[in-house]
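In full-length UniProt numbering, the protein residues as written are 1 to 314.
As C-alpha cells, then:
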C-alpha cells in the first residue's frame with residue numbers, strides 16, 4: 001500500500017512538472033506561477049489547520065519564536081527554493097527537475113555532517129552506503145548538467161517563443177543555468193528540512209506549521225514577483241491550460257505537504273544514489289538499535305551460563 005502510494009505521488013509530481021514546463025513555454029511567468037499556487041494552498045491549508053485539525057493538545061503556540069521560525073521556513077522553502085526551481089525549469093526540462101529532486105537525501109546527509117547532527121562511521125556499512133549514494137547522486141547531477149542530449153521534436157515543428165528571462169545567452173548555457181538553479185533549490189530544501197525539525201520542538205501541531213509557512217511564503221514571493229513581473233498582463237488568468245496547472249499544483253501541493261540518452265541516464269543515476277543514501281541511513285539506524293540491545297541483553301563475563309545453553313547458542 002505504501003509503495004503504491006509512493007508510485008502514485010511520484011507519477012503526479014512528474015505529470016505536474018511536465019504541465020508546468022509546458023505552461024511556462026507558452027509564456028507564463030514562473031514567479032507568478034509560484035504566487036498563485038501557494039496562494040491556493042494557503043486558502044486550503046489555513047481553514048483546515050484551524051477548523052478540521054484535531055491535534056489541539058497544546059495551549060499557547062502562537063508565539064514570537066514560532067512566527068520567526070515559520071517566517072524563515074517560508075523564506076527558504078517557498079520564496080527561495082520554489083522560485084529557483086521553477087525558474088530553473090523554464091531553462092531546462094522536467095527530466096532535470098526530477099533528477100535534481102533526488103539530490104535531497106544526499107544534500108541533507110552532507111548538511112547533517114557539517115552541522116554535526118549525525119555521526120559518520122567508516123566501519124559501518126550503512127555510513128559507507130550513504131557516502132557512496134551521495135557520490136552517485138552527485139555524479140548523476142553532473143551528467144544531467146554537462147550533457148543535454150539531442151532534441152526529440154521534429155525539425156519542422158515550430159512553437160511560439162516567449163521572451164527569455166535572460167537575453168544574449170545560448171541554449172547550452174540556458175541548460176547549465178537551469179541545472180545550477182535546481183542545485184541551489186535542492187540545497188535550500190535541505191536547509192529547510194533541517195529547520196523544520198527545530199520548529200517542531202516549539203510547536204507540535206504540524207498543520208499549523210505548514211499552513212503558516214505557506215502563508216508567509218505566499219506573501220514573500222508576491223513581493224518578489226511584483227518586482228520581477230511589473231507587466232499587468234503577466235498576472236491575468238483565464239479559463240485556459242495555465243489556470244488548470246495552477247489549480248492542480250496548488251491542490252496537490254497542499255495535500256502532499258508535507259528526455260533521452262544521458263538525460264534519462266542522469267536521472268536514473270540520481271535515483272540510484274537517492275535510494276542508496278536512504279538504504280544506508282536505514283542500515284545506520286538498525287546498527288544503532290542492535291548496538292543498544294546488545295549492551296542491555298548480553299550477559300557479563302562473571303555471569304555463569306549453563307553448558308547446554310552455551311551449546312544451543314553456538
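We put the CB at the ideal spot given by N, CA and C, even for glycine. These numbers were taken from a predicted model, which means no experiment stands behind them.
Measuring straight from C-alpha to C-alpha, what distance separates residue i and residue j?
i: residue 79; j: residue 188; result: 10 Å
i: residue 84; j: residue 184; result: 7 Å
i: residue 38; j: residue 90; result: 18 Å
i: residue 256; j: residue 191; result: 19 Å
i: residue 67; j: residue 252; result: 25 Å
i: residue 217; j: residue 223; result: 10 Å
i: residue 111; j: residue 97; result: 21 Å
i: residue 233; j: residue 113; result: 47 Å
i: residue 18; j: residue 69; result: 33 Å
i: residue 132; j: residue 95; result: 23 Å
i: residue 265; j: residue 212; result: Because residue 265 sits at a pLDDT of 36, beneath the cut-off of 50, its placement in the model cannot be relied upon, and the following sentence gives the value as read from the coordinates. For residue 265 and residue 212, the distance between alpha carbons rounds to 39 Å.
i: residue 196; j: residue 254; result: 17 Å
Can you look up residue i in the DSSP assignment and give me helix, strand or coil?
i: residue 192; result: helix
i: residue 82; result: helix
i: residue 208; result: helix
i: residue 27; result: coil
i: residue 236; result: coil
i: residue 62; result: coil
i: residue 242; result: helix
i: residue 10; result: helix
i: residue 98; result: helix
i: residue 374; result: No answer is possible for residue 374: it lies beyond the span of the chain, which begins at 1 and ends at 314.
i: residue 149; result: Below a pLDDT of 50, predicted positions are generally treated as unreliable, and residue 149, at 49, falls in that range; the measurement from the model is reported next regardless. Reduced to three states, the DSSP call for residue 149 is coil.
i: residue 93; result: coil
With 16 as the cutoff for other CB atoms within 10 Å, does residue i come out buried or exposed?
i: residue 227; result: exposed
i: residue 242; result: buried
i: residue 50; result: exposed
i: residue 65; result: exposed
i: residue 175; result: buried
i: residue 321; result: Outside the shown range of the chain (1 to 314) lies residue 321, about which nothing can therefore be said.
i: residue 208; result: buried
i: residue 73; result: buried
i: residue 77; result: buried
i: residue 47; result: exposed
i: residue 34; result: buried
i: residue 181; result: buried
Please check the pair residue i and residue j, which I expect to be a contact at CB under 8 Å, by giving their CB distance rounded to whole angstroms.
i: residue 245; j: residue 23; result: 5 Å
i: residue 178; j: residue 250; result: Going by Cβ atoms, the distance from residue 178 to residue 250 rounds to 23 Å, so no, they are not a contact pair.
i: residue 62; j: residue 220; result: That belief does not hold up - the Cβ atoms of residue 62 and residue 220 are roughly 19 Å apart, past 8 Å.
i: residue 41; j: residue 214; result: 5 Å
i: residue 45; j: residue 210; result: 6 Å
Next item on the list: Evaluate contact between the segment 220 to 236 and the segment 29 to 49, counting only Cβ atoms and requiring at least three cross-stretch pairs below 8 Å.
Entry: yes
Notebook entry, point to check: Would you call the segment 5 to 18 and the segment 192 to 200 in contact, with 3 or more CB pairs under 8 Å?
Noted result: no
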